[in-house]
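Each residue of the sequence shown is one higher than the last, beginning at 3 in my numbering.
Note that CB positions come from ideal geometry on N, CA and C, so glycine has one too.
Values in this document were obtained by computation on a predicted structure and should not be read as measured data.
In what follows, a structure is listed as structure tokens, so that the remarks can point back to it.
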Amino acid sequence: MSPPSVRPWHQRYAPYLLVAPFLVLFAAFGLFPLLFSLWMAFQTWEPTAGLEAMRFSGLDNILFVLGDGWFWKALRNTLWLAVVSALPQHLLALPLAVFIDRACGRWGHGVSALYFLPYITSSVAIAMMFTSMLSTDYGLVNAGLGLLGIDPVNWLWQPQTLKPAVAMVVFWRYLGFNLVLYLAALQTIPRELYQAARLDGAGAWAQFRFITLPALRPMALFAVTLSVIGGMQLFEEPFILTNGRGGADQAVMTVAMYVYRLAFDFSDFGAASAMSWLLFALLAVLTWLTNRAFRERT
3 MSPPSVRPWH QRYAPYLLVA PFLVLFAAFG LFPLLFSLWM AFQTWEPTAG LEAMRFSGLD
63 NILFVLGDGW FWKALRNTLW LAVVSALPQH LLALPLAVFI DRACGRWGHG VSALYFLPYI
123 TSSVAIAMMF TSMLSTDYGL VNAGLGLLGI DPVNWLWQPQ TLKPAVAMVV FWRYLGFNLV
183 LYLAALQTIP RELYQAARLD GAGAWAQFRF ITLPALRPMA LFAVTLSVIG GMQLFEEPFI
243 LTNGRGGADQ AVMTVAMYVY RLAFDFSDFG AASAMSWLLF ALLAVLTWLT NRAFRERT
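This is how it looks when you write it as structure tokens:
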């Protein structure tokens, strides 16, 4: 048996050279900002004074954030919007995916693509569309209410209506994304399982409960985890719909929006970094709880 030949050096190192550009870009625009923000969470800094003005402040920024009433209000807003927008997404996306899978046949991909369009549409375009639809004076929604004899509602300028309006926009935008995920998982289930179940006398509900739901559990975990992460990082929709101000009484000021305002409106990068890492810690806990809840039901 001949000894293994030694590959030339250019063959051994070629793979590393090919991935090197990505690693350099990731280090410059991903890893460095991440580590810098972690370091900033323990610093006090006045940006106009230059980098040499940074001073180590220990846990002061974290304690400031935890004692800031606006942070807790933003966190409550974020949790409310995340739950109210995400829960209906999954409750509707799953039965819609099942219906499309069973009723639309070869047209299923085209139908799901229509639902997916809002997800790939520009956030600015979506905000402009809903701002027009929810306008007090000429909006389509108030026009419909007027036909029913209901007075116009100031959707985007009252705290009690602004929250549901933003949740509706988020729900509309991400429903199709979850639908496509569930539909993709449904199409991996062998049809023979349903045929065998029907031969054994199982009805539609029994097939859904004992075949479809167990097969969808891994995808459901993935989709719900994405919803948890996305919901807690909610920024674009409330920011654009309220011109970055959070609406009346800061009704839809989310944690991500508050981080932005601390950093770029008040130049408090230390507190903004600390808040970002507290949000990361909360996301890690919520993701772990989500995974644990799904494992216990497996």
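Among the options, which one has its Cα closest to the Cα of residue i?
i    : options                : result
F266 : L119, I152, G246, K165 : G246
P154 : G205, A199, S137, P166 : S137
G52  : A283, L280, F271       : F271
Y184 : T214, R200, R175, A204 : T214
L77  : F66, Q235, F212        : Q235
L158 : A129, A55, L147, A198  : A129
T227 : L150, L288, P17        : L288
M131 : P216, A167, G71        : A167
From residue i to residue j, what distance separates their C-alpha atoms?
i    : j    : result
S95  : S125 : Per the sequence shown, residue 95 should be read as Ala rather than Ser. For A95 and S125, the distance between alpha carbons rounds to 21 Å.
P49  : S59  : 15 Å
L164 : L20  : 49 Å
N156 : L37  : 44 Å
C106 : L280 : 45 Å
G69  : K75  : 11 Å
G232 : N293 : 16 Å
L33  : R211 : 44 Å
Q160 : Y196 : 50 Å
S39  : Q45  : 10 Å
A222 : A16  : 40 Å
E194 : E298 : 28 Å
D251 : N79  : 11 Å
S278 : F224 : 23 Å
A169 : A208 : 33 Å
A55  : T133 : 43 Å
F73  : P35  : 23 Å
F66  : F282 : 17 Å
P216 : A206 : 15 Å
G203 : F101 : 21 Å
Look up residue i in the DSSP assignment and say whether it is helix, strand or coil.
i    : result
R297 : helix
R247 : coil
A214 : Residue 214 is actually Thr in this sequence, not Ala. DSSP places T214 in helix when its eight states are reduced to three.
T190 : coil
T314 : In this structure the chain extends from 3 to 300, so residue 314 is not present and cannot be described.
T46  : strand
F58  : strand
M255 : coil
P17  : helix
S269 : coil
V155 : coil
G112 : helix
S87  : helix
D202 : coil
F28  : helix
Q160 : coil
Q235 : coil
S137 : coil
L37  : helix
D103 : helix
G71  : helix
G178 : helix
L1   : Here the chain comprises residues numbered 3 to 300, so residue 1 is not present and cannot be evaluated.
L93  : helix
Note down, in chain order, each residue of its chain lying with its Cβ closer than 7 Å to the Cβ of residue i, except the 5 sequence neighbours on either side.
i    : result
Y181 : Residue identity check: residue 181 is Leu in the sequence provided, not Tyr. Excluding residues within five positions, the ones whose Cβ falls inside 7 Å are A95, L98, A99, S114, Y117.
L177 : Q91, L94, A95, Y117
Taking its Cβ as the centre, do 16 or more other Cβ atoms sit within 10 Å of residue i, making it buried, or is it exposed?
i    : result
I242 : buried
A22  : exposed
F268 : exposed
V172 : buried
R200 : exposed
W47  : buried
T123 : exposed
L83  : buried
R308 : The chain is shown only over 3 to 300; residue 308 falls outside these bounds and no answer can be derived.
I64  : buried
L254 : Inspection of the sequence shows that residue 254 is occupied by Val rather than by Leu. The residue is buried, with at least 16 neighbouring Cβ atoms inside 10 Å.
P240 : buried
G112 : exposed
If you measure from the CB of residue i, is any heavy atom of the ligand FAD nearer than 6 Å?
i   : result
A55 : Of the ligands one can find in the structure shown there are none, so the ligand FAD has no counterpart to examine.
Suppose the cutoff is 6 Å on Cβ atoms and the five residues either side in sequence are ignored; what does the same chain contact list for residue i look like?
i    : result
G141 : M135
F179 : Y121
M42  : F271, G272, S275
F24  : none
Please tell me whether residue i has its Cβ less than 7 Å away from any Cβ of chain D.
i   : result
M56 : Although the question refers to chain D, the structure presented lacks it and comprises just one protein chain.
Enumerate in chain order the residues of its own chain whose CB-to-CB distance from residue i is below 8 Å, with the five nearest sequence positions on each side excluded.
i    : result
F237 : T256, A258, M259, Y262
D103 : G110, L185, L188, Q189
P192 : none
V230 : A84, A88, L285, L288, T289, T292
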